[in-house]
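In my numbering, the protein residues as written are 44 to 332.
Note that CB positions come from ideal geometry on N, CA and C, so glycine has one too.
To start, the structure under review is shown below, and the notes come after it.
Below, the structure is given as C-alpha coordinates:
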(Lines of atoms letter the chains of each structure in order from A; the text may use other names.)
(Lines give C-alpha, C1' and ligand atoms only; values in the text may rest on other atoms or scores of the structure.)
Protein backbone atom coordinates (compact mmCIF):
# COMPACT_ATOMS: atom_id res chain seq x y z
CA UNK A 44 0.00 0.00 0.00
CA UNK A 45 1.32 3.47 -0.83
CA UNK A 46 0.22 7.09 -0.37
CA UNK A 47 0.98 9.49 -3.23
CA UNK A 48 2.65 12.74 -2.30
CA UNK A 49 1.00 15.27 -4.62
CA UNK A 50 3.74 17.87 -4.13
CA UNK A 51 6.55 15.70 -5.39
CA UNK A 52 4.55 13.07 -7.33
CA UNK A 53 6.55 10.45 -5.42
CA UNK A 54 5.19 7.58 -3.36
CA UNK A 55 5.87 7.16 0.34
CA UNK A 56 5.51 3.55 1.49
CA UNK A 57 3.04 2.87 4.31
CA UNK A 58 2.95 -0.52 5.99
CA UNK A 59 -0.38 -2.20 6.83
CA UNK A 60 0.44 -2.18 10.53
CA UNK A 61 1.11 1.55 10.66
CA UNK A 62 -1.60 3.83 12.07
CA UNK A 63 -3.17 6.36 9.73
CA UNK A 64 -2.87 9.97 10.91
CA UNK A 65 -5.68 11.29 13.10
CA UNK A 66 -7.27 13.86 10.83
CA UNK A 67 -10.86 13.74 12.12
CA UNK A 68 -10.51 17.26 13.48
CA UNK A 69 -9.59 18.48 10.01
CA UNK A 70 -12.74 17.05 8.35
CA UNK A 71 -15.71 19.43 8.37
CA UNK A 72 -18.92 18.30 10.10
CA UNK A 73 -21.44 19.29 7.42
CA UNK A 74 -24.46 17.83 9.26
CA UNK A 75 -23.65 19.95 12.29
CA UNK A 76 -23.68 23.20 10.37
CA UNK A 77 -26.44 25.70 11.20
CA UNK A 78 -29.51 25.92 8.96
CA UNK A 79 -31.23 29.25 8.29
CA UNK A 80 -34.56 28.00 6.91
CA UNK A 81 -36.06 27.72 10.41
CA UNK A 82 -37.99 24.55 9.59
CA UNK A 83 -37.77 21.64 12.03
CA UNK A 84 -38.06 18.05 10.77
CA UNK A 85 -40.40 15.74 12.67
CA UNK A 86 -38.53 12.50 11.90
CA UNK A 87 -35.13 11.91 10.37
CA UNK A 88 -33.01 8.79 10.62
CA UNK A 89 -32.60 5.32 9.14
CA UNK A 90 -35.08 2.72 7.89
CA UNK A 91 -35.07 -1.02 7.35
CA UNK A 92 -31.82 -2.05 9.02
CA UNK A 93 -31.69 -5.67 10.23
CA UNK A 94 -30.27 -6.71 13.57
CA UNK A 95 -30.37 -9.83 15.81
CA UNK A 96 -32.60 -9.48 18.88
CA UNK A 97 -33.96 -11.36 21.86
CA UNK A 98 -37.69 -11.24 22.51
CA UNK A 99 -39.62 -12.53 25.49
CA UNK A 100 -41.40 -15.84 24.92
CA UNK A 101 -44.33 -16.78 27.16
CA UNK A 102 -43.58 -20.52 27.05
CA UNK A 103 -39.79 -20.69 26.58
CA UNK A 104 -38.64 -17.53 28.35
CA UNK A 105 -37.09 -15.96 25.28
CA UNK A 106 -36.43 -16.59 21.62
CA UNK A 107 -33.80 -15.24 19.26
CA UNK A 108 -34.87 -13.72 15.98
CA UNK A 109 -33.98 -11.09 13.39
CA UNK A 110 -35.68 -7.69 13.47
CA UNK A 111 -35.95 -4.80 11.03
CA UNK A 112 -35.46 -1.40 12.63
CA UNK A 113 -36.57 2.12 11.83
CA UNK A 114 -34.89 4.74 14.04
CA UNK A 115 -35.67 8.46 13.95
CA UNK A 116 -35.21 11.63 15.95
CA UNK A 117 -36.78 15.04 15.67
CA UNK A 118 -34.32 17.48 14.06
CA UNK A 119 -34.33 21.02 15.50
CA UNK A 120 -34.69 23.82 12.97
CA UNK A 121 -31.17 25.16 13.55
CA UNK A 122 -29.38 21.87 12.54
CA UNK A 123 -28.69 21.18 8.88
CA UNK A 124 -28.73 17.40 9.31
CA UNK A 125 -28.36 14.48 11.71
CA UNK A 126 -25.51 11.99 12.06
CA UNK A 127 -26.94 8.83 10.47
CA UNK A 128 -24.03 6.58 11.50
CA UNK A 129 -24.79 7.13 15.18
CA UNK A 130 -28.09 5.23 14.85
CA UNK A 131 -26.20 2.15 13.63
CA UNK A 132 -23.54 2.56 16.31
CA UNK A 133 -26.18 2.57 19.04
CA UNK A 134 -27.78 -0.65 17.74
CA UNK A 135 -24.39 -2.34 17.42
CA UNK A 136 -23.37 -1.33 20.94
CA UNK A 137 -26.39 -3.18 22.33
CA UNK A 138 -25.58 -6.24 20.19
CA UNK A 139 -28.13 -8.99 20.94
CA UNK A 140 -29.42 -7.41 24.13
CA UNK A 141 -32.14 -5.47 22.32
CA UNK A 142 -35.60 -6.26 23.64
CA UNK A 143 -38.77 -4.40 24.51
CA UNK A 144 -37.35 -3.99 28.03
CA UNK A 145 -34.31 -2.12 26.69
CA UNK A 146 -36.29 0.17 24.40
CA UNK A 147 -36.27 3.14 26.76
CA UNK A 148 -32.49 3.01 27.24
CA UNK A 149 -31.92 2.93 23.48
CA UNK A 150 -34.32 5.82 22.92
CA UNK A 151 -32.64 7.89 25.63
CA UNK A 152 -29.24 7.23 24.06
CA UNK A 153 -30.55 8.20 20.62
CA UNK A 154 -32.00 11.44 21.95
CA UNK A 155 -28.87 12.38 23.91
CA UNK A 156 -26.25 11.51 21.29
CA UNK A 157 -28.17 13.17 18.48
CA UNK A 158 -29.11 16.23 20.57
CA UNK A 159 -32.81 15.80 19.83
CA UNK A 160 -35.98 16.46 21.81
CA UNK A 161 -37.80 13.32 20.60
CA UNK A 162 -36.70 9.83 19.56
CA UNK A 163 -38.65 7.08 17.80
CA UNK A 164 -37.76 3.41 17.40
CA UNK A 165 -39.67 0.70 15.51
CA UNK A 166 -38.72 -2.97 15.68
CA UNK A 167 -40.47 -5.51 13.44
CA UNK A 168 -39.81 -9.24 13.80
CA UNK A 169 -41.43 -12.66 13.36
CA UNK A 170 -42.64 -14.26 16.59
CA UNK A 171 -42.89 -18.05 16.43
CA UNK A 172 -45.54 -19.83 18.48
CA UNK A 173 -45.86 -23.62 18.80
CA UNK A 174 -49.47 -24.68 18.26
CA UNK A 175 -51.16 -28.06 18.61
CA UNK A 176 -53.63 -29.16 15.93
CA UNK A 177 -57.18 -29.14 17.37
CA UNK A 178 -58.03 -32.84 16.85
CA UNK A 179 -54.78 -34.83 16.57
CA UNK A 180 -52.57 -32.60 18.69
CA UNK A 181 -49.81 -32.52 16.04
CA UNK A 182 -47.52 -29.63 16.84
CA UNK A 183 -46.21 -27.06 14.38
CA UNK A 184 -44.92 -23.50 14.44
CA UNK A 185 -46.97 -20.48 13.43
CA UNK A 186 -45.26 -17.15 12.79
CA UNK A 187 -46.81 -13.76 13.52
CA UNK A 188 -45.40 -10.39 12.47
CA UNK A 189 -44.91 -8.15 15.50
CA UNK A 190 -43.84 -4.51 15.70
CA UNK A 191 -42.90 -2.50 18.77
CA UNK A 192 -43.32 1.27 18.28
CA UNK A 193 -41.37 3.23 20.90
CA UNK A 194 -41.54 6.99 21.42
CA UNK A 195 -39.65 9.17 23.88
CA UNK A 196 -40.03 12.90 24.43
CA UNK A 197 -39.23 15.20 27.32
CA UNK A 198 -42.59 14.53 28.96
CA UNK A 199 -43.74 11.16 27.65
CA UNK A 200 -42.57 7.60 27.00
CA UNK A 201 -44.68 4.84 25.55
CA UNK A 202 -44.67 1.66 23.50
CA UNK A 203 -47.38 0.49 21.15
CA UNK A 204 -47.45 -3.25 20.42
CA UNK A 205 -48.65 -4.23 16.95
CA UNK A 206 -49.36 -7.78 15.80
CA UNK A 207 -50.71 -9.18 12.52
CA UNK A 208 -52.76 -12.34 13.02
CA UNK A 209 -53.95 -14.48 10.07
CA UNK A 210 -57.30 -16.20 10.69
CA UNK A 211 -60.25 -17.80 8.89
CA UNK A 212 -63.58 -16.05 8.43
CA UNK A 213 -66.83 -17.54 7.11
CA UNK A 214 -69.61 -15.36 5.69
CA UNK A 215 -72.89 -15.45 7.70
CA UNK A 216 -74.88 -14.24 4.68
CA UNK A 217 -73.49 -16.97 2.43
CA UNK A 218 -74.31 -19.58 5.05
CA UNK A 219 -77.88 -18.35 5.47
CA UNK A 220 -78.74 -18.43 1.75
CA UNK A 221 -76.77 -21.48 0.55
CA UNK A 222 -77.96 -25.10 0.66
CA UNK A 223 -74.50 -26.72 0.38
CA UNK A 224 -72.07 -24.58 2.36
CA UNK A 225 -70.72 -21.06 2.72
CA UNK A 226 -67.77 -19.16 1.29
CA UNK A 227 -64.85 -18.60 3.61
CA UNK A 228 -61.46 -16.99 3.27
CA UNK A 229 -58.25 -16.19 5.01
CA UNK A 230 -58.31 -12.88 6.85
CA UNK A 231 -55.66 -10.71 8.42
CA UNK A 232 -56.29 -8.89 11.68
CA UNK A 233 -54.00 -6.01 12.60
CA UNK A 234 -54.10 -5.19 16.30
CA UNK A 235 -52.29 -2.33 18.05
CA UNK A 236 -52.46 -1.67 21.78
CA UNK A 237 -50.95 0.69 24.30
CA UNK A 238 -51.03 -0.76 27.79
CA UNK A 239 -50.17 0.51 31.24
CA UNK A 240 -49.02 -2.95 32.41
CA UNK A 241 -47.08 -5.76 30.78
CA UNK A 242 -48.97 -7.68 28.08
CA UNK A 243 -47.78 -10.87 26.40
CA UNK A 244 -47.87 -10.73 22.62
CA UNK A 245 -49.11 -14.33 22.69
CA UNK A 246 -52.13 -13.18 24.75
CA UNK A 247 -53.02 -10.68 22.04
CA UNK A 248 -52.67 -13.36 19.35
CA UNK A 249 -54.96 -15.73 21.23
CA UNK A 250 -57.51 -12.98 21.84
CA UNK A 251 -57.74 -12.30 18.09
CA UNK A 252 -57.87 -15.99 17.15
CA UNK A 253 -60.66 -16.68 19.63
CA UNK A 254 -62.86 -14.05 17.96
CA UNK A 255 -62.38 -15.31 14.38
CA UNK A 256 -64.43 -18.02 12.71
CA UNK A 257 -61.40 -20.26 13.25
CA UNK A 258 -57.66 -19.85 13.72
CA UNK A 259 -54.88 -21.18 11.46
CA UNK A 260 -52.32 -23.94 12.00
CA UNK A 261 -49.04 -24.92 10.39
CA UNK A 262 -49.88 -28.64 10.09
CA UNK A 263 -53.33 -30.25 9.91
CA UNK A 264 -54.20 -33.92 9.46
CA UNK A 265 -57.55 -35.02 8.06
CA UNK A 266 -59.34 -35.08 11.45
CA UNK A 267 -58.00 -31.54 12.04
CA UNK A 268 -59.20 -30.34 8.64
CA UNK A 269 -62.67 -31.68 9.48
CA UNK A 270 -62.57 -29.83 12.80
CA UNK A 271 -61.50 -26.42 11.45
CA UNK A 272 -63.97 -26.60 8.56
CA UNK A 273 -66.88 -27.36 10.86
CA UNK A 274 -65.66 -24.92 13.49
CA UNK A 275 -65.72 -22.08 10.94
CA UNK A 276 -69.14 -23.15 9.64
CA UNK A 277 -70.55 -23.11 13.18
CA UNK A 278 -68.97 -19.70 13.89
CA UNK A 279 -69.68 -17.39 10.91
CA UNK A 280 -68.51 -13.79 11.21
CA UNK A 281 -68.60 -10.71 9.04
CA UNK A 282 -65.52 -8.52 9.06
CA UNK A 283 -67.56 -6.07 11.17
CA UNK A 284 -68.27 -8.82 13.70
CA UNK A 285 -64.59 -9.61 14.15
CA UNK A 286 -63.44 -6.05 14.89
CA UNK A 287 -66.37 -5.42 17.23
CA UNK A 288 -65.89 -8.66 19.16
CA UNK A 289 -62.15 -8.00 19.54
CA UNK A 290 -62.85 -4.42 20.64
CA UNK A 291 -65.33 -5.67 23.23
CA UNK A 292 -62.64 -7.92 24.72
CA UNK A 293 -60.14 -5.05 24.80
CA UNK A 294 -62.69 -2.83 26.54
CA UNK A 295 -62.90 -5.39 29.32
CA UNK A 296 -59.09 -5.58 29.74
CA UNK A 297 -58.07 -2.99 32.33
CA UNK A 298 -54.43 -3.02 31.17
CA UNK A 299 -55.30 -1.59 27.75
CA UNK A 300 -55.32 2.21 27.48
CA UNK A 301 -55.68 2.61 23.70
CA UNK A 302 -56.21 0.24 20.81
CA UNK A 303 -56.86 -0.02 17.11
CA UNK A 304 -58.07 -3.15 15.37
CA UNK A 305 -58.47 -3.65 11.64
CA UNK A 306 -59.58 -6.77 9.77
CA UNK A 307 -59.20 -7.49 6.08
CA UNK A 308 -61.00 -10.43 4.46
CA UNK A 309 -59.34 -11.59 1.23
CA UNK A 310 -62.64 -12.55 -0.36
CA UNK A 311 -62.86 -15.93 -2.07
CA UNK A 312 -65.80 -14.96 -4.34
CA UNK A 313 -64.83 -11.33 -5.11
CA UNK A 314 -61.81 -9.63 -6.64
CA UNK A 315 -61.62 -7.24 -3.70
CA UNK A 316 -61.22 -7.36 0.06
CA UNK A 317 -63.71 -6.53 2.80
CA UNK A 318 -62.32 -4.28 5.53
CA UNK A 319 -63.30 -2.85 8.92
CA UNK A 320 -61.34 -0.80 11.46
CA UNK A 321 -61.85 0.60 14.97
CA UNK A 322 -59.58 2.95 16.93
CA UNK A 323 -60.33 4.02 20.48
CA UNK A 324 -58.75 5.83 23.41
CA UNK A 325 -60.35 4.27 26.46
CA UNK A 326 -60.03 7.54 28.36
CA UNK A 327 -62.95 8.72 26.24
CA UNK A 328 -66.45 7.44 27.18
CA UNK A 329 -68.28 4.99 24.95
CA UNK A 330 -71.42 6.28 23.16
CA UNK A 331 -74.61 5.85 25.11
CA UNK A 332 -77.03 3.18 23.89
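Annotation: the region 204-289 contains the following complete segments of the beta strand (DSSP E) (minimum length 3 residues), in chain order: 227-238.
In this chain, residue 296 is not harboured by any alpha helix (DSSP H), its DSSP state being neither H nor E.
With a contact defined as Cβ atoms closer than 8 Å, residue 234 and residue 210 miss out at about 11 Å.
Listed in chain order, the non-local C-beta contacts of residue 274 below 7 Å within the same chain comprise 257, local neighbours out to five positions each way being set aside. According to the DSSP assignment, residue 141 belongs to no alpha helix (DSSP H), since it is labelled neither H nor E. In terms of Cα proximity to residue 149, the closest of 158, 164, 267 is 164. Close CB contacts of residue 243 within its chain, under the 7 Å cut and outside five residues either way in sequence, are with 101 (chain order). A straight-line Cα-Cα distance of about 54 Å links residue 77 and residue 310. Contact check for residue 202 and residue 193: beta-carbon distance about 5 Å, within the 8 Å limit, so the pair qualifies. Around residue 286, the same chain offers 304, 306, 319, 321 as residues with beta carbons nearer than 6 Å, after the five sequence neighbours per side are excluded. In the structure shown, the three-state DSSP call for residue 132 is helix.
For residue 151, the number of other beta carbons within 10 angstroms of its own is below 16, and it is reported as exposed. Per DSSP, the continuous beta strand (DSSP E) segment holding residue 95 begins and ends at 84-100.
Counting C-beta pairs with one atom in each stretch, the region 218-229 and the region 289-297 have fewer than three that are closer than 8 Å, which means they do not touch. Around the CB of residue 326, fewer than 16 other CB atoms lie within 10 Å, so the residue is classed as exposed. The three-state secondary structure of residue 314, taken from DSSP, is coil. With a contact defined as Cβ atoms closer than 8 Å, residue 247 and residue 206 qualify at about 5 Å. The C-beta separation of residue 162 from residue 119 comes to about 13 Å, leaving the pair out of contact by the 8 Å criterion. Three or more Cβ pairs closer than 8 Å define a contact, and the region 128-135 falls short of that threshold against the region 166-184.
Contact between residue 178 and residue 267 holds, with the beta-carbon distance rounding to 5 Å and staying under 8 Å. DSSP lists 169, 207 as the beta-bridge partner residues of residue 188. Ranked by Cα distance from residue 170, the options 98, 277, 328 are led by 98. For residue 324, the secondary structure class from DSSP, reduced to helix, strand or coil, is strand. Residue 106 is bridged by DSSP to 98. When secondary structure is reduced to three states using DSSP, residue 329 falls in the coil class, being assigned neither helix nor strand. Residue burial is scored here from C-beta neighbours: residue 241 has fewer than 16 other C-beta atoms within 10 angstroms and is therefore classed as exposed. For the 8 Å CB-CB criterion, residue 239 and residue 298 form a contact.
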